[in-house]
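Numbering (mature numbering (1 follows the signal peptide of the UniProt record, and there is no 0)) for the sequence shown: -26 to -1, 1 to 241.
Contents: one structure, followed by commentary.
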Amino acid sequence: MRTFTMIKTAIATTAIALGAMSPAMATQGASDKPTVVLVHGAFAESASWNGVATQLQAQGYPVVAAANPLRGVKHDADYVASIVAQTSGPVILVGHSYGGSVISNAVHDQSNVKALVYVAAFAPEKGETAIELSGRYPGSTLGPTLATPVTLKDGNKDLYIQQDKFAQQFAADVAAPEAALMAASQRPITENALHEASGAPAWKQLPSWFIYGSADKNIPAAALKFMADRAGSKKTVTIQGASHVVMTSNPEKVAALIIEAAEQTAN
């Protein structure tokens, strides 16, 4: 009877310990590969990474698709940094669109971050904003597709894309039923976040990889190429005809580049 009681106590203690671990920490324990932290951008949400996450998990990579708050560059970067800080082992940070600004500011000198992967994403220099970078080159048609802003109690404004314009603007190469779901589940970004200046960028210290579509209507391909070249991209992949949500329409190509980054930065 005493032995049975001791076994029950040991099981309970183990369960409590596992419950205290973050999802990232618990996942990392099952693999010697780096954890891939996926950070979505404006007008998207974590499920936009489902195809990429499926590909990565099939190759044995632990994955965390973070719920980016979309409240402001520093605020969101601090949130992602807290996930990185509680993740054991090496981390590959991946950002889509505005999420690129977030991962550029989320490293916080944490040595476990090994690489940055920008997916149709901003890679700002210190002092630059998302709104300025997207307008630096012609081609963005986002402005006219935005819905009437939702004014918040603090005076800030939440921005959405009009649902009937979402597919053509944001996800032109995604099947219509899926694009309609994406339009309905889109998460808003604050107007202030798009105008907030970036801090010192992590891409100056860490190797980076870039992938984007040639038919991106949110961030012109010329702007994406400029940022990739400036960051000294280890490899830049341009997918002809792909939309802004290249991770949704071409998950296997995005996952392949993430895996390449992970393998090239493995200890």
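Where a beta carbon is used, it is the ideal one built from N, C-alpha and C, also for glycine.
Residue range of the alpha helix (DSSP H) that includes residue i
| i | result |
| --- | --- |
| Phe140 | 137 to 144 |
| Asp203 | 195 to 204 |
| Ser223 | 220 to 223 |
| Pro151 | 150 to 159 |
Supposed contact pair residue j and residue i - C-beta distance, whole angstroms, cut 8 angstroms
| i | j | result |
| --- | --- | --- |
| Ala51 | Asn79 | 4 angstroms |
| Leu90 | Ser182 | 4 angstroms |
| Ala97 | Met201 | 4 angstroms |
| Ile193 | Ser108 | 5 angstroms |
| Ile163 | Phe17 | 7 angstroms |
| Lys100 | Ala174 | 5 angstroms |
| Ala171 | Glu102 | 7 angstroms |
| Val54 | Ile77 | 7 angstroms |
| Val10 | Val37 | 5 angstroms |
| Gly73 | His14 | 6 angstroms |
Burial state of residue i, where buried means 16 or more other Cβ atoms lie within 10 Å
| i | result |
| --- | --- |
| Glu237 | exposed |
| Ala141 | buried |
| Asn42 | buried |
| Gln2 | Confidence at Gln2 is low in this model, with a pLDDT of 45, below 50, so its placement is unreliable and no value can be given for it. |
| Ala95 | buried |
| Ala216 | buried |
| Leu30 | buried |
| Ala(-3) | Because the pLDDT at Ala(-3) is just 47, under 50, the model does not fix this residue reliably, and the value given afterwards should be weighed accordingly. Result: buried. |
| Thr133 | A small correction: the amino acid at residue 133 is Leu; Thr does not occupy that position in the sequence shown. Answer is buried; the Cβ neighbour count reaches 16. |
| Ser159 | exposed |
| Ala235 | buried |
| Thr61 | buried |
| Val58 | buried |
| Ala150 | exposed |
| Leu231 | buried |
| Ala240 | exposed |
| Pro118 | exposed |
| Gly129 | exposed |
Residue i, enclosing beta strand (DSSP E) - first and last residue
| i | result |
| --- | --- |
| Leu12 | 9 to 13 |
| Leu126 | Here Leu126 belongs to no beta strand (DSSP E), and DSSP marks it neither H nor E. |
| Thr210 | 210 to 213 |
9 angstroms Cβ cutoff, residue i in contact with chain D
| i | result |
| --- | --- |
| Val10 | Considering every chain present, this structure includes no chain D. It has just one protein chain. |
Pick out the complete beta strand (DSSP E) segments inside the region 56 to 122, 3 residues or longer, and give them in chain order. Runs of the beta strand (DSSP E) lying entirely within the region 56 to 122, each at least 3 residues long, are 65 to 70, 87 to 93 in chain order.
Does the region 223 to 240 touch the region 197 to 204, meaning 3 or more C-beta pairs lie closer than 8 angstroms? With the cut-off at 8 angstroms, the region 197 to 204 and the region 223 to 240 do not touch.
Enumerated in chain order, which unbroken segments of the beta strand (DSSP E) with a length of 3 residues or greater are wholly contained in the region 18 to 47? Every unbroken stretch of the beta strand (DSSP E) spanning 3 or more residues and falling wholly within the region 18 to 47 is given here in chain order: 37 to 40.
Report the residue ranges of all alpha helix (DSSP H) runs contained in full by the region 165 to 194; include only those spanning at least 4 residues, in chain order. List check, alpha helix (DSSP H) in window: 165 to 169.
Counting Cβ pairs closer than 8 angstroms, one from the region 133 to 148 and one from the region 170 to 186, do we hit at least three? Judged by Cβ distances under 8 angstroms, the region 133 to 148 makes no contact with the region 170 to 186, as fewer than three pairs qualify.
Take every Cβ of the region 157 to 168, pair it with every Cβ of the region 206 to 226, and state whether three or more of those distances are shorter than 8 angstroms. No, because fewer than three Cβ pairs between the region 157 to 168 and the region 206 to 226 fall closer than 8 angstroms, the two stretches do not touch.
Would the region 65 to 72 and the region 13 to 31 be scored as touching if the rule is three or more Cβ pairs under 8 angstroms? At 8 angstroms Cβ cutoff, the stretches touch.
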